[in-house]
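Numbering (mature numbering (1 follows the signal peptide of the UniProt record, and there is no 0)), first residue to last: -37 to -1, 1 to 144.
Ideal Cβ placement from N, Cα and C applies to all residues, glycine included.
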Amino acid sequence: MPNAFSAAVQAHFNTFKIPACAAALALCTVAASPAMATETLLTIIAADGTETTLDRAALEALPQHAFRTETQWTWEEQSFSGPLLIDVLEMAGLPGPASGKVIEFVADDGYHARVDLDANAEFLTGDYPIVTTRINDEPFPLEENGPLWVMFPYDAHPELDVEAVHNLTVWQLLQIVELPE
């Protein structure tokens, strides 16, 4: 048999039940809004300070490349897809390999990887690395180190499975910065 306290709690709950459901529904609508689709995923900053911002649509409008590989971070073979890093650099007007320039990858967790485009030209080809936007054909979720990850095809190219390349395999990539000379 309900007591006065439980009746008061139930009355209080019923008062907020409809507004709470409406608020939850509104939140879901905002979370799924088109504005979310245009969220900046990558900012590229040229040495002169010019910024290029890319959302998922801009990255996926570039020619897409895909490969399957296992990494020391994924522990099983996964399918990775996205545009080539050199295409992303070109889109933003940044130099490519063997240009004498230095860029830096900046990750969400504060990790920075300095990339001398001359010294690393052998690792920056027309086949790899890619800026991964999808893993196993799905948008790369933040909880799996997405939404962007610089990735190399380690299985197809065992010569890439070295520390110098591992250091360039940056997850949760936020920025690519061209460093001044």
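Pro46 is positioned such that its CB atom lies closer than 8 Å to that of Leu25.
In the three-state reduction of the DSSP assignment, Leu5 falls in the strand class. DSSP places Glu53 in no beta strand (DSSP E) but in the uninterrupted alpha helix (DSSP H) bounded by 48 to 54. His75 is classed as exposed because its beta carbon has fewer than 16 other beta carbons within 10 Å across all chains shown. When rounded, the separation of the alpha-carbon atoms in Leu131 and Val140 is 14 Å. A Cβ-Cβ distance of about 28 Å is found for the pair Thr16 and Thr37, leaving them out of contact under the 8 Å criterion. Assignment of beta-bridge partners to Val133 by DSSP yields no partner.
Scanning its chain for C-beta atoms nearer than 8 Å, with the 5 sequence neighbours on each side dropped, one finds around Pro102 the residues Arg19, Thr96, Gly109, Pro110, in chain order.
In this structure the region 85 to 99 lies against the region 44 to 63, because at least three pairs of beta carbons, one per stretch, are closer than 8 Å. In the DSSP assignment, Glu67 falls outside any alpha helix (DSSP H) and lies within the beta strand (DSSP E) extending over 65 to 70.
Among the bridge pairs identified by DSSP, Glu101 is matched with Ile98. In the three-state DSSP reduction, Glu144 falls in the coil class, being neither helix nor strand. One thing to note: Thr6 has its Cβ no nearer than 8 Å to the Cβ of Leu87. Ala76 is bridged by DSSP to Phe68. Here DSSP, grouped into helix, strand and coil, assigns Leu25 to coil. Closest in alpha carbon position to Tyr117, among Ser62, Ala10, Ala29, Asp72, is Ala29.
The beta carbon of Glu40 lies closer than 8 Å to those of Arg31, Thr32, Glu33, Asp118 in the same chain, with the five residues before and after it left out.
For the options Val69, Pro104, Gln27, the alpha carbon positioned closest to that of Ile49 is the one of Gln27. The alpha-carbon of Phe68 is positioned some 18 Å away from that of Leu123.
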